[in-house]
Structures are given as structure tokens and as C-alpha cells.
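Peer 1: Have a look at the structure that comes next, please.
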Amino acid sequence: MNEALLRSLTPSVLGILVRRGAGFAAAEDAVQDALVEAVRVWPAAEPRDPKGWLVTVAWRKFLDVARADAARRRREDLVDEEPAPEAAHAADDTLQLYFLCAHPSLTPSSAVALTLRAVGGLTTRQIAQAYLVPEATMAQRISRAKRTVSGVRFDQPGDVATVLRVLYLVFNEGYSGEVDVAAEAIRLTRQLSAAFDHPEVAGLLALMLLHHARRAARTAPDGSLVPLAEQDRGRWDTELIAEGVEILQAALARDRLGEFQAQAAIAALHADAPTAEETDWVQIVEWYDELAHLTDSPVVRLNRAVAVGEADGPRAGLAALMVLDDSLPRYAAVSAYLHERDGDPATAARLYAEAAQQAPNLAERDHLTRQAARLNARRR
Amino acid sequence: MAKYLLLKHYRGAPAAVNDVPMDQWTPQEISAHVQYMQDFAARLEGTGEFVDGQALAPEGTYVRYDGEGRPPVTDGPFAETKDLIAGWMVIDVDSYERAIELAGELSAAPGAGGKPIHEWLEVRPFLAAPPTITE
């Protein structure tokens, strides 16, 4: 059975139910039930019109529940009406769903969970597995999120920036179990990009593709992190890189720069270098300047200091670093790297060890500890 | 989205404000305490923030490898061990501030006299998965 097809139909089926007058929360439950049924029934006989099948089954599930509710409440109301004919709203519906699931009233973790379920068509269990929480907890997180947005009108225009932040989070954080969460983020961003023509949507898609292209080279067989400079560039996915670059160039040509396009431009410059030594650091620094201008993020200025160190030498990098707040995450790691380049292994080793203490994840901590150990061993 | 461990100590944490040992509470006070902990976990499940909660027996055994072909050496329990873990709760929350807020609520569990224990809980962040985008 084609699970990718099944999941790609989720947002438009949900959109149709909502347009027919079903409340978002009830419609979403009904679509989930229909997806579960499809997984059960389709392997034996895939319907000729998969979307029509899903709409019919989901609508029936919705009516069953709504009738039971109505009976329970002794209330006769609207749900028995024949559905209104469907207009060609598929693209709009998909877009509205993204807006709703990333609504600013939701916390980031709720928006992520709701997006993966209502737009992505993942099951609660798959989402729970991706974020390493019990299924019951994830079920509650999703139903609370649905309650939070239940009063939001479905046709209200939203801010695409909030949607992009949620998709970025899905791509960047999450474990992969049964479902490849990063690939899912790319699929959802592609789908958004088809429904909504916007240079930053394209920028985010390009950014994801360019990073995803390096995935195989990013981890050693033992699970340890391989830094960009040491990656086997022969293992980068050139097709993904070509696609990412093409999407980015088309977006940049529209002259409406945003942070995702700028980040993607940096990733593209790395992807473009046949070896680490041939990286165009001068251009990368320029893009970091743009990015700092667009976001004013201290993390960007920290990364900029690394790029300055490569473009103009470690002293210049250290000077760029000195004006930043030393309590920033990864400050010590960047400082260690620049000190090593500057020929001061003793300070670098001390700073690497300090950075390892502050590392927010295990892979990074192990990597930094190894750096400290490497320098200490050389000095003995 | 980040996971935190809320760690409860039998020994090793600074003294609680309402520092009466549990065996000197009334049975009703113990029931009220247990109920509070269960309600707290249920409430966090309801908010989509609960991951795990476990209690540990106080008596532990130290174990170490003793060389090829030999059984491991065991020792203890050591009455003088300074730090003794009583149990934990793991939460998955949107911010560090939220983790602190919840730990504060957990520390308000009732003890002797039905008053909050004000015990010290240790909040420790999990080391997460590395992010994909770093440069």
C-alpha cells in the first residue's frame, strides 16, 4: 500500500470535512479513523479513487460520532444535512490547515504535534515515538492543541512565518523511529510550497534539502558526529544539493530576502565547495552579516565569528567573538576552535573540556571531549 | 521541547522546611501525600508533559567487575553514602522556566500536619539529540 499517497491526501480530506461544516477537532478525529481503516483495508483492495474513498469513509465516521453525540445530548441539529458540493479549494484548505496547526496560541511542542498529525497524517503513536514520550501523553498534547484552536475560524488568514518556524522545528529536532521525521518535514514543506508561493517557504525547503543531503556523511558508523570540514563529501547527495540550489536561486531572484533564504545560501556555499579548504568563507561571512541584520540572533553572530576566523584568520575570529556574551551556548566551543587555529592548544584544550561540560546533547559532548583529549594527548 | 529529570533525594539534598520523617506522619497524611503525587502525574499527562515517574527502594547494592571469569564484586549498602535517590519524574516541557515551575509544585506535596514539605528537588536537563542545522 502506498502510505506516502495516503498521508499526502490527509490535509485535503480534512479540509473538505471542515468545509462541509464539521468542527476541526471532530473532523481531525474522523480523518485519523479513516486513515487507520485505509491501512487495514487498502492492502487487499486499493480503491480507484483513494481521495474519494477517504472523504466518504471519514465523513461517515464523522456522522456516526456526531449522531451519537446529538442523541446523547437529545439535540437534533444540522449534521444530517447532505454535504454541500465541494468547490476546488484543495490548495486553500491545505494552507489553512498549516496556519491552524501553527496558530500562535499553541506552544511550539503542541504546534509540532498537531501539524504532524492533522497535516502529516501520522498516528499519535508515531509522533509519540519521534519525541520519546508515552503515547497517552502525546494523545493529550494533541487533544489539548485541538481544543486550543477550536475557536479559530478556518478561513482566517495566518502568518506563514509561524508555519515555517514549526516546520523548521520538525526538521531540526526529533528522533527517528518508525517515521523519518526530517524526511517528513521536507515532505510537509514541499506540500506547503506547492500550495503557497512564497520565497521564504522556498528558502526553508532549500535549507532542508541542502542539510538533508549531508545526512549520511554527518555521523560516523559508531554514531559520533563528523564535523563539516571532515565529512566525506563524496557521500553528500548531489541530487538533493542540485534541487536545493535551484529552488534557492529561484527564491533569491525574487529579491525578498528572509532568514531561511540566507541560511540556505550559507548551506549552498558549503555544498558548493569540493573540499573544505575551497569553501568561499568571504561570501559566507557576507551572508552571516545579512542574517544578523535579519534576525539579530546572538547564535548567528557566534557562527559568524567562526566564519570570520576562516575568512580573515583566527585572530579576527577571536576579535569577533570577544564582543559577544560569553554565556551564549557553544561560546566556549567556538572559542576553543579559534584558539587551536591560533596555535594555542593549551587554552583550546581547556576550553574544549569546558564546552563539553555545557554541551546540550550527548553527541556534541562526546565530540568536544574527544577534541580536548586529542590536544591533551599531543601535549604529553 | 526538552526533557528534564526532577530528582527526589532520601539524603543529600538540603533539609526540607517541613522536615518530619514520613514514618512519623499520620496514615491520613501519608495517603494525602500519595494522592498528591498521583494527581500531579495525572495532571501532567493531561497537559501532555508527563514522560515517566518512578520511586526507588532506599537499599542499594554497589557492584563492580572483578576480572575475566570472576563473578562481580558486590558491596554495600553504605549507611554513610551522602547522596541517596528516592525517585524521579521525567517531564517534557517547552521551557526551562516551565520545568522550574512544575518542580516547585511537586515540592509542595503535603507532609506532616498536611502542610507542604517544601523539599528540595533537583532539576536536571536531559542531553537531547543533536540538532540537524548547526552552522
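Protein chains in written order, with this note's numbering: chain Z, 3 to 382; chain D, -2 to 132.
Each residue gets a CB set at the ideal place from its N, CA and C atoms; glycine is no exception.
#1: Per DSSP, what kind of secondary structure is Z:Val81 in: helix, strand or coil?
#2: Indicate the three-state DSSP secondary structure (helix, strand or coil) for D:Met(-2) in the structure shown.
#3: Flag this pair as yes or no: are the beta carbons of Z:Ala358 and Z:Thr349 separated by less than 7 Å?
#4: List, in chain order, every chain D residue whose beta-carbon is nearer than 8 Å to that of Z:Phe26.
#5: Rounding to the nearest angstrom, what Cα-Cα distance links D:Tyr33 and Z:Met210 in this structure?
#6: Show which residues of chain D have a CB atom less than 8 Å away from the CB atom of Z:Phe173.
#7: Closest to D:Ile114 by C-alpha separation, out of D:Val31, D:Met(-2), D:Ala(-1), would be which residue?
#8: Can you check which of these residues, Z:Leu97, Z:Pro52, Z:Pro300, is closest to Z:Leu6 by C-alpha distance?
#9: Judging by CA-CA distance, which residue of Z:Asp282, Z:Leu99, Z:Leu206 is the nearest neighbour of Z:Gln158?
#10: Using the Cβ count rule (16 or more neighbours within 10 Å means buried), how would you classify Z:Pro316?
#11: According to DSSP, what are the bridge partners of D:His141?
#12: Could you round the C-beta distance between Z:Gly123 and Z:Leu230 to whole angstroms and report it? I think they count as a contact, below 8 Å.
#13: For the region 41 to 72 of chain D, list every residue whose C-beta sits within 9 Å of some C-beta in chain Z, in sequence order.
#14: Over the uninterrupted alpha helix (DSSP H) stretch that includes Z:Met210, give me the two end residues.
#15: Compare the C-beta of D:Leu124 against all C-beta atoms of chain Z and say whether one is closer than 7 Å.
#16: Check whether the Cβ atoms of Z:Leu102 and Z:Val151 sit closer than 7 Å, and answer yes or no.
#17: Mind pulling the chain D residues with CB within less than 8 Å of Z:Tyr133?
#18: For the region 238 to 262 of chain Z, list every residue whose C-beta sits within 7 Å of some C-beta in chain D, in sequence order.
#19: Starting from the Cα of Z:Phe64, find the closest Cα among Z:Glu279, Z:Gly25, Z:Glu261, Z:Thr125 and give me that residue.
#20: So what does DSSP say about D:Glu132, is it helix, strand or coil?
#21: Cα-Cα, which of Z:Ala215, Z:Asp94, Z:Val228 is closest to Z:Phe156?
#22: Quick one: what does DSSP say Z:Arg155 is sitting in, helix, strand or coil?
#23: Specify the secondary structure class of Z:His105 as computed by DSSP and reduced to three states.
#24: My understanding is that Z:Leu353 touches Z:His369, with C-beta atoms under 8 Å, so please give their C-beta distance in whole angstroms.
#25: Hey, is Z:Pro110's beta-carbon within less than 7 Å of any beta-carbon in chain D?
#26: Using only alpha-carbon positions, find the residue among Z:Arg119, Z:Ala218, Z:Ala244 that is nearest to Z:Ala233.
#27: Would the region 191 to 210 of chain Z count as touching the region 248 to 267 of chain Z if we require 3 or more Cβ pairs under 8 Å?
#28: Could you tell me which residues DSSP puts in a beta bridge with D:Ala52?
#29: Where does Z:Val57 fall in DSSP's three states?
#30: Determine which residues of the region 365 to 382 of chain Z have a Cβ less than 7 Å from any Cβ of chain D, and write them out in chain order.
Peer 2: Looking at the coordinates:
#1: The sequence position of residue 81 of chain Z within the first sequence is 79, counting from 1. Caution is warranted here: a pLDDT of 48 is assigned to Z:Val81, below 50, making its placement in the model unreliable, and the coordinate value is therefore given only provisionally. Helix at Z:Val81.
#2: Counted from its first residue, the second sequence places residue -2 of chain D at position 1. Coil.
#3: On the first sequence, residue 358 of chain Z is found 356 positions in, with the first residue counted as 1. On the first sequence, residue 349 of chain Z is found 347 positions in, with the first residue counted as 1. No. Outside cutoff.
#4: The sequence position of residue 26 of chain Z within the first sequence is 24, counting from 1. In chain order: nothing, as chain D lies at least about 18 Å away.
#5: Looking up residue 33 of chain D in the second sequence gives position 36. Looking up residue 210 of chain Z in the first sequence gives position 208. Answer to the nearest angstrom: the Cα atoms are 45 Å apart.
#6: One-based indexing of the first sequence puts residue 173 of chain Z at position 171. Thr129, Ile130, listed in chain order.
#7: Translated into positions along the second sequence, residue 114 of chain D becomes position 117. Minimum Cα distance to D:Ile114 is reached at D:Val31.
#8: Indexing the first sequence from 1 puts residue 6 of chain Z at position 4. First, the amino acid is wrong: residue 6 of chain Z is Ala here, not Leu. The residue with the shortest Cα to Cα distance from Z:Ala6 is Z:Pro52.
#9: Here residue 158 of chain Z corresponds to residue number 156 of the first sequence, with the count starting at 1. Nearest of Z:Asp282, Z:Leu99, Z:Leu206 to Z:Gln158, Cα basis: Z:Leu99.
#10: Taking the first sequence and counting its residues from 1, one reaches residue 316 of chain Z at position 314. Buried: at least 16 other Cβ atoms inside 10 Å.
#11: Given that chain D is displayed from residue -2 to residue 132, the structure contains no residue 141 of chain D and the question cannot be resolved.
#12: Counted from its first residue, the first sequence places residue 123 of chain Z at position 121. Counted from its first residue, the first sequence places residue 230 of chain Z at position 228. At roughly 34 Å, the Cβ-Cβ gap does not stay under 8 Å, so Z:Gly123 and Z:Leu230 are not in contact.
#13: Leu41, Glu42, Gly43, Thr44, Gly45, Glu46, Phe47, Val48, Asp49
#14: Counting from 1 along the first sequence, the entry for residue 210 of chain Z is found at position 208. Segment 201 to 214, the alpha helix (DSSP H) holding Z:Met210.
#15: Against the second sequence, residue 124 of chain D aligns to sequence position 127. Judged by the 7 Å Cβ criterion, D:Leu124 is in contact with chain Z.
#16: For the purposes of this step, residue 102 of chain Z is taken as residue 100 along the first sequence, with counting starting at 1. For the purposes of this step, residue 151 of chain Z is taken as residue 149 along the first sequence, with counting starting at 1. In contact: Z:Leu102 and Z:Val151 (Cβ atoms closer than 7 Å).
#17: For the purposes of this step, residue 133 of chain Z is identified with residue 131 of the first sequence, where counting begins at 1. Going along chain D in sequence order, the residues near Z:Tyr133 (Cβ under 8 Å) are Met(-2), Asp89.
#18: none
#19: Locating residue 64 of chain Z in the first sequence gives position 62, counting from the first residue. Of the candidates Z:Glu279, Z:Gly25, Z:Glu261, Z:Thr125, the one whose C-alpha sits nearest the C-alpha of Z:Phe64 is Z:Gly25.
#20: Translated into positions along the second sequence, residue 132 of chain D becomes position 135. The answer is coil: DSSP assigns D:Glu132 none of H, G, I, E or B.
#21: Position 154 of the first sequence, counted from the first residue, corresponds to residue 156 of chain Z. Cα-wise, what sits closest to Z:Phe156 is Z:Asp94.
#22: For the purposes of this step, residue 155 of chain Z is identified with residue 153 of the first sequence, where counting begins at 1. Z:Arg155: coil per DSSP, three-state reduction.
#23: Looking up residue 105 of chain Z in the first sequence gives position 103. Reduced to three states, the DSSP call for Z:His105 is coil.
#24: The count along the first sequence starts at 1 and reaches residue 353 of chain Z at position 351. The count along the first sequence starts at 1 and reaches residue 369 of chain Z at position 367. Contact flag wrong, Cβ pair sits at about 14 Å.
#25: As a working mapping, residue 110 of chain Z is identified with position 108 in the first sequence. Chain D contact via Cβ: present.
#26: Looking up residue 233 of chain Z in the first sequence gives position 231. The residue asked about is misnamed: residue 233 of chain Z is Gln in this sequence, not Ala. The shortest C-alpha separation from Z:Gln233 is found at Z:Ala218.
#27: yes
#28: Residue numbering aside, residue 52 of chain D sits at position 55 when the second sequence is read from its first letter. According to DSSP, which records beta bridges pairwise, D:Ala52 is partnered with D:Gly84.
#29: In the first sequence, counting from the first residue as 1, residue 57 of chain Z sits at position 55. Reduced to three states, the DSSP call for Z:Val57 is helix.
#30: Ala365, Glu366, Arg367
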